[in-house]
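Here is the structure we will look at.
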Amino acid sequence: MRIKPLADRVVIKKLEAEEKTKSGIVLPGSAKEQPQMAEVVEVGPGGIVDGKEIKMEVKVGDKVIFSKYAGTEVKIEGQEYTILRQSDILAVVE
Amino acid sequence: MRIKPLADRVVIKKLEAEEKTKSGIVLPGSAKEQPQMAEVVEVGPGGIVDGKEIKMEVKVGDKVIFSKYAGTEVKIEGQEYTILRQSDILAVVE
Amino acid sequence: MRIKPLADRVVIKKLEAEEKTKSGIVLPGSAKEQPQMAEVVEVGPGGIVDGKEIKMEVKVGDKVIFSKYAGTEVKIEGQEYTILRQSDILAVVE
Amino acid sequence: MRIKPLADRVVIKKLEAEEKTKSGIVLPGSAKEQPQMAEVVEVGPGGIVDGKEIKMEVKVGDKVIFSKYAGTEVKIEGQEYTILRQSDILAVVE
Amino acid sequence: MRIKPLADRVVIKKLEAEEKTKSGIVLPGSAKEQPQMAEVVEVGPGGIVDGKEIKMEVKVGDKVIFSKYAGTEVKIEGQEYTILRQSDILAVVE
Amino acid sequence: MRIKPLADRVVIKKLEAEEKTKSGIVLPGSAKEQPQMAEVVEVGPGGIVDGKEIKMEVKVGDKVIFSKYAGTEVKIEGQEYTILRQSDILAVVE
Amino acid sequence: MRIKPLADRVVIKKLEAEEKTKSGIVLPGSAKEQPQMAEVVEVGPGGIVDGKEIKMEVKVGDKVIFSKYAGTEVKIEGQEYTILRQSDILAVVE
Chain G
1 MRIKPLADRV VIKKLEAEEK TKSGIVLPGS AKEQPQMAEV VEVGPGGIVD
51 GKEIKMEVKV GDKVIFSKYA GTEVKIEGQE YTILRQSDIL AVVE
Chain L
101 MRIKPLADRV VIKKLEAEEK TKSGIVLPGS AKEQPQMAEV VEVGPGGIVD
151 GKEIKMEVKV GDKVIFSKYA GTEVKIEGQE YTILRQSDIL AVVE
Chain C
201 MRIKPLADRV VIKKLEAEEK TKSGIVLPGS AKEQPQMAEV VEVGPGGIVD
251 GKEIKMEVKV GDKVIFSKYA GTEVKIEGQE YTILRQSDIL AVVE
Chain E
301 MRIKPLADRV VIKKLEAEEK TKSGIVLPGS AKEQPQMAEV VEVGPGGIVD
351 GKEIKMEVKV GDKVIFSKYA GTEVKIEGQE YTILRQSDIL AVVE
Chain Y
401 MRIKPLADRV VIKKLEAEEK TKSGIVLPGS AKEQPQMAEV VEVGPGGIVD
451 GKEIKMEVKV GDKVIFSKYA GTEVKIEGQE YTILRQSDIL AVVE
Chain A
501 MRIKPLADRV VIKKLEAEEK TKSGIVLPGS AKEQPQMAEV VEVGPGGIVD
551 GKEIKMEVKV GDKVIFSKYA GTEVKIEGQE YTILRQSDIL AVVE
Chain P
601 MRIKPLADRV VIKKLEAEEK TKSGIVLPGS AKEQPQMAEV VEVGPGGIVD
651 GKEIKMEVKV GDKVIFSKYA GTEVKIEGQE YTILRQSDIL AVVE
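Protein chains in written order, with our numbering: chain G, 1 to 94; chain L, 101 to 194; chain C, 201 to 294; chain E, 301 to 394; chain Y, 401 to 494; chain A, 501 to 594; chain P, 601 to 694.
Structure representation (structure tokens):
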């Protein structure tokens with residue numbers, strides 16, 4: 001079973017606190033309850049979105065930092081995902 | 101009797117909780133009262149909408165995840181439907 | 201006496217509850233007080249509206265579902281009408 | 301003395317209740333205090349307005365229905381007028 | 401000493417009540433405290449403003465009606481002026 | 501040490517009340533606490549800003565009137581400056 | 601470990617009060633609690649962002665003044681960073 005995002009949307013899986021600690025990233029203050037780091041699990045096709053050409057820059061497996069409150073949460077087979085627009089992804093962490 | 105959506109609109113039928121459980125998808129928390137998964141039952145023609153070319157990407161029968169609160173509800177012959185813009189559909193589930 | 205809508209506007213006459221029951225359409229909950237189904241009685245010429253080319257897709261006699269709260273109500277010779285933009289019409293019912 | 305509206309603006313004179321009754325038009329409910337029917341008394345030149353070509357469709361003498369609260373009121377030689385954009389005129393009544 | 405407005409801005413001097421009475425124009429109700437009639441004293445060069453070509457239509461000496469609350473007030477050598485965009489001028493009075 | 505504004509931004513230094521009195525300009529009412537007259541001390545390069553070509557019209561040394569509350573204040577070596585967009589400058593005073 | 605900002609985003613590290621004092625810059629009033637001066641540590645690739653070509657003008661090592669409240673804070677290996685759009689950077693200080 002797969003979620004295939006439309007247009008410029010991306011499906012991400014939030015990284016658990018432990019995973020983040022391992023990689024050395026900690027999000028400050030109130031953000032602790034709302035982790036903003038995630039792994040990309042599906043990437044939409046991009047193309048013309050709202051009249052503008054969007055090229056997808058992120059790829060499956062990327063670790064990303066995303067805008068707080070962005071996107072929509074959905075639970076599939078016990079795992080929570082967030083579906084958001086690529087423009088709500090701020091940076092890739094390497 | 102048929103609802104033919106205009107422009108980039110799509111008619112969807114929300115999936116019942118049981119159907120979703122079968123397919124393994126459960127929506128979290130308060131979303132339980134507002135299921136966000138649905139089946140596409142009618143697709144508008146697309147074309148120039150608000151000055152922009154819109155190509156319809158979803159098709160009748162697709163299982164989709166859509167934006168909470170998006171669209172307008174209507175009841176026809178005892179069945180509730182939601183009419184929304186394709187841009188309010190986040191992803192297709194396969 | 202005729203109302204000739206300008207630009208991309210359409211004049212509609214809301215359908216009475218009885219008419220809707222006959223056709224099998226019932227609108228849910230609070231919408232009952234605000235019927236959202238109507239018949240198109242006049243159609244504007246379309247053309248360039250706010251810098252964008254609008255082609256009129258609905259025609260006189262169409263039964264349509266429209267956005268709640270959209271448009272302006274006016275009473276002519278005892279009959280209430282609503283004047284709205286074509287973009288506030290969600291679907292045609294056949 | 302004349303008010304010459306700029307750009308896509310139109311000067312209208314609201315029709316009195318009696319005139320409206322004669323022509324058979326009555327506006328519903330709270331709109332009674334704010335008549336929405338008027339006669340066009342001056343029409344701006346149209347042209348490029350906010351980067352878009354506007355063609356004036358109404359003409360002096362037209363009876364029009366306009367958006368509630370649209371425009372600016374001004375009193376000249378004892379007569380009240382409203383100056384509004386043509387896009388705030390919904391329909392011409394014939 | 402001169403105020404030279406930039407872009408599509410215009411400098412106006414509000415007309416006093418007496419001057420307005422002479423010319424037969426009286427503004428209604430609460431507008432009395434905020435006269436909306438003025439004389440143009442300086443006109444900006446127009447040109448490309450916010451990506452759109454603006455042609456200046458008003459000229460020094462024009463009597464104009466302007467949008468309530470539009471613009472910024474400034475006092476120079478004891479005289480109050482208002483600096484506003486040409487698009488906040490509704491009409492020229494002749 | 502220099503502040504070099506980006507894009508269509510301008511750095512201004514507010515003029516003191518005394519300077520304004522000398523030049524004969526006094527700002528009315530509550531504006532006294534927020535002087536709106538300033539001298540331009542740095543001018544950004546202009547160019548394409550938010551997809552639109554911006555040509556800088558003000559130059560260092562210009563006395564300008566600017567929009568109340570526009571821009572961001574910064575203190576450098578004991579002197580306060582305001583950084584704002586050229587479009588928040590209303591007029592040049594000569 | 602590196603944060604690679606997407607599109608027109610920039611990663612900045614706020615400068616400590618001491619560093620600012622050394623360089624002679626002090627931010628006024630309530631801004632003291634929210635330093636607005638920072639050093640650029642990563643610069644996105646620019647390119648087409650929201651349909652518009654963005655050229656990156658800042659570079660790593662630039663000292664910049666940025667819009668209060670702009671951007672998103674993230675902590676990596678004990679250091680706080682802010683990720684913001686280049687358009688939220690007001691000026692470069694030299």
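Where a beta carbon is used, it is the ideal one built from N, C-alpha and C, also for glycine. Nothing here was measured: the structure is a model prediction, and the numbers come from that model.
Listed along the chain, the chain P residues whose CB falls inside 8 Å of the CB of LEU506/A are GLU657, VAL658, GLN686, ILE689, LEU690, ALA691, VAL692.
Short of 6 Å from the beta carbon of VAL649/P, and not among the five residues preceding or following it, lie these beta carbons of its own chain, in chain order: ALA607, ASP608.
The C-alpha of PHE666/P is placed about 11 Å away from the C-alpha of VAL693/P. The beta carbon of GLU242/C sits closer than 8 Å to those of ARG202, ILE203, LYS204, PRO205, VAL210, VAL211, VAL260, all from its chain and outside the five residues before and after it, given in chain order. Note: GLY547/A is bridge-paired with ILE554/A in the DSSP secondary-structure output. A Cβ-Cβ separation of about 5 Å places THR372/E in contact with ILE383/E under the 8 Å criterion. For the stretch 636-666 of chain P, the beta-carbon criterion of a distance under 9 Å to any beta-carbon of chain G is satisfied by GLU642, GLY644, PRO645, GLY647, ILE648, VAL649, ASP650, GLY651, LYS652. Secondary structure at GLN86/G: helix, using DSSP grouped into helix, strand and coil. For THR272/C, the C-beta contacts it makes with chain E under 8 Å involve GLN336, ILE365, SER367, LYS368, LEU390, in order along the chain. Beta-bridge annotation (DSSP): ARG609/P is paired with ARG685/P. For ILE676/P and LEU590/A, the gap between their C-alpha atoms comes out near 44 Å.
Here DSSP, grouped into helix, strand and coil, assigns MET1/G to coil. Contacts with chain E at 8 Å (Cβ-Cβ) include ILE203/C. Going by C-alpha positions, TYR181/L is about 14 Å away from LYS163/L.
Between GLN186/L and LYS113/L, the CB-CB gap reaches or exceeds 8 Å. Taking 8 Å as the threshold, the shortest C-beta distance from ILE183/L to chain C falls below it.
When rounded, the separation of the alpha-carbon atoms in LYS468/Y and GLN436/Y is 6 Å. The beta carbon of ASP688/P lies closer than 7 Å to those of PHE666, SER667, ALA670, GLY671 in the same chain, with the five residues before and after it left out.
When beta bridges are read from the DSSP output, GLN379/E appears opposite ILE376/E. Between GLY146/L and LYS252/C, the C-beta gap is not smaller than 8 Å, which leaves the two residues out of contact. The C-alpha of GLY344/E is placed about 20 Å away from the C-alpha of GLU439/Y. Where LYS459/Y is concerned, there is no enclosing beta strand (DSSP E), because DSSP gives it neither an H nor an E. Annotated three-state conformation of ALA370/E is coil, per DSSP.
DSSP, read as helix, strand or coil, puts GLU342/E in strand.
GLU357/E has its alpha-carbon roughly 36 Å from the corresponding atom of GLU416/Y. The beta carbon of VAL674/P sits closer than 6 Å to those of TYR681, all from its chain and outside the five residues before and after it, given in chain order.
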